[in-house]
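There are 2 protein chains.
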Amino acid sequence: MTDKLTDAERSDHIDPLLENDWQMVDGRDAIHKTFIFRNFVEAFGFMTRAAMWAEKLNHHPEWSNVYKTVEVTLTTHDADGLSALDAKLAKRMDALAGG
Amino acid sequence: MTDKLTDAERSDHIDPLLENDWQMVDGRDAIHKTFIFRNFVEAFGFMTRAAMWAEKLNHHPEWSNVYKTVEVTLTTHDADGLSALDAKLAKRMDALAGG
């Protein structure tokens, strides 16, 4: 689960994320997305729900919040790059932000 | 409440924070502190409690989290620098982190 993704797996798991506003981070095998909500309560509400999933997956984001904006970077330190866990957490975050 | 602090007010409100691991941010009239907890649950638990206070004060931090570490920067955009609200939120965060 924490193996670095192969090229084939990247096509399957990362490419769809890149088409959904996730971006590769310069100089790191990591993905980043900026989520913008209506206000702080919605932004932090999203973080709270995502935090539950992060803990459940035992896979935690690097993230920051300024008022209604949440910046998320995902990578897997154990794998020294993107793993299936990053794809899983990213998809979950997209679902939480849209729901 | 959102007026920029005077020099006298800084002595009263900011100096004690600087003695408690808050630091002035280079190039900004802002304060920063790194909080380190035992794990993600404790770090995010702190953020959740602090978020309630931030919303209650209608004064929100710039903050980031990576696993058990929370980095906080406080300033008041309306005041173009530190206000009494920053001192208040900083003290509250110290209390929450220690409690």
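Chain order of the listed sequences is A and B.
Going by the working numbering, the letters in the first sequence line up with residues 21 to 119, in that order.
Going by the working numbering, the letters in the second sequence line up with residues 21 to 119, in that order.
Ideal Cβ placement from N, Cα and C applies to all residues, glycine included.
Taking C-alpha atoms, which residue in A:D98, A:P81, A:V86 and A:A63 lies nearest to A:K111? Working through the first sequence from its first residue, we reach residue 111 of chain A at position 91. The residue with the shortest Cα to Cα distance from A:K111 is A:P81.
Check this for me: beta carbons of A:T68 and A:E91, under 8 angstroms apart or not? Stepping through the first sequence from its first residue, residue 68 of chain A is reached at position 48. Stepping through the first sequence from its first residue, residue 91 of chain A is reached at position 71. No, the Cβ-Cβ distance between A:T68 and A:E91 is not below 8 angstroms.
B:K24 to A:K108 span [Cα, whole Å]: Counted from its first residue, the second sequence places residue 24 of chain B at position 4. Counted from its first residue, the first sequence places residue 108 of chain A at position 88. So the two alpha carbons sit approximately 45 angstroms from each other.
Inter-residue CB distance, B:L102 and B:I34 (contact presumed, cutoff 8 angstroms): Taking the first residue of the second sequence as position 1, residue 102 of chain B is located at position 82. Taking the first residue of the second sequence as position 1, residue 34 of chain B is located at position 14. Yes, B:L102 and B:I34 are in contact; Cβ-Cβ is about 6 angstroms, under 8 angstroms.
DSSP bridge partner residues for A:E82 (one or two, in chain order): Counting from one through the first sequence, the residue named residue 82 of chain A turns up at place 62. The partner list for A:E82 (beta bridge, DSSP) reads A:T93 and B:V86.
Name the DSSP bridge partner or partners of A:M67? Translated into positions along the first sequence, residue 67 of chain A becomes position 47. Per DSSP, none; premise fails for A:M67.
Which first and last residues belong to the beta strand (DSSP E) in which B:K53 is found? For the purposes of this step, residue 53 of chain B is taken as residue 33 along the second sequence, with counting starting at 1. Counting along the chain, the beta strand (DSSP E) containing B:K53 begins and ends at I51 to I56.
Can you give the Cα-Cα distance for B:P36 and B:R30, rounded to whole angstroms? Residue mapping note: residue 36 of chain B aligns to position 16 of the second sequence, counting from 1. Residue mapping note: residue 30 of chain B aligns to position 10 of the second sequence, counting from 1. About 9 angstroms.
Helix, strand or coil at A:G17 according to DSSP, with G and I counted as helix: Residue coverage of chain A in this structure runs from 21 to 119, which leaves residue 17 of chain A outside it and unanswerable.
Nearest-angstrom Cα distance between B:A71 and B:L38? As a first step, residue 71 of chain B must be located in the second sequence, where it is residue number 51. As a first step, residue 38 of chain B must be located in the second sequence, where it is residue number 18. Using only the alpha carbons, I get a separation of about 22 angstroms.
Taking Cβ positions, are B:S84 and A:W83 nearer each other than 8 angstroms? Taking the second sequence and counting its residues from 1, the one referred to as residue 84 of chain B is at position 64. Taking the first sequence and counting its residues from 1, the one referred to as residue 83 of chain A is at position 63. Closer than 8 angstroms, so yes.
What does DSSP give as the partner residue(s) for A:S103 in the beta ladder? Start at 1 with the first residue of the first sequence, and residue 103 of chain A comes out as number 83. Looking at the DSSP assignment, A:S103 forms a beta bridge with A:K24.
How about A:V61: is its C-beta nearer than 8 angstroms to some C-beta of chain B? Your numbering for residue 61 of chain A matches position 41 in the first sequence. Cβ-Cβ to chain B under 8 angstroms: yes for A:V61.
Mapping the DSSP letters down to three states, classify A:E5 as helix, strand or coil. In the structure as shown, chain A starts at 21 and stops at 119, and residue 5 of chain A therefore has no counterpart that could be examined.
Within 10 Å of its beta-carbon, does B:I56 have 16 or more other beta-carbons around it, so buried, or fewer, so exposed? By one-based count along the second sequence, residue 56 of chain B stands at place 36. Exposed: under 16 other Cβ atoms inside 10 Å.
B:M113 to A:G47 span [Cα, whole Å]: Within the second sequence, residue 113 of chain B is the residue found at index 93, counting from 1. Within the first sequence, residue 47 of chain A is the residue found at index 27, counting from 1. Cα to Cα, the separation comes out at about 34 angstroms.
Can you round the beta-carbon distance between A:E75 and B:F66 to whole angstroms, since I take them to be within the 8 angstroms contact cut? Counting from 1 along the first sequence, the entry for residue 75 of chain A is found at position 55. Counting from 1 along the second sequence, the entry for residue 66 of chain B is found at position 46. About 14 angstroms; that fails the 8 angstroms criterion.
Can you list, in chain order, the residues of the region 43-69 of chain A whose Cβ is nearer than 7 angstroms to any Cβ on chain B? F60, V61, F64 and T68
Mind checking if B:H80 is an interface residue toward chain A, Cβ cutoff 8 angstroms exclusive? One-based indexing of the second sequence puts residue 80 of chain B at position 60. Closer than 8 angstroms to some Cβ of chain A, the Cβ of B:H80 qualifies, so yes.
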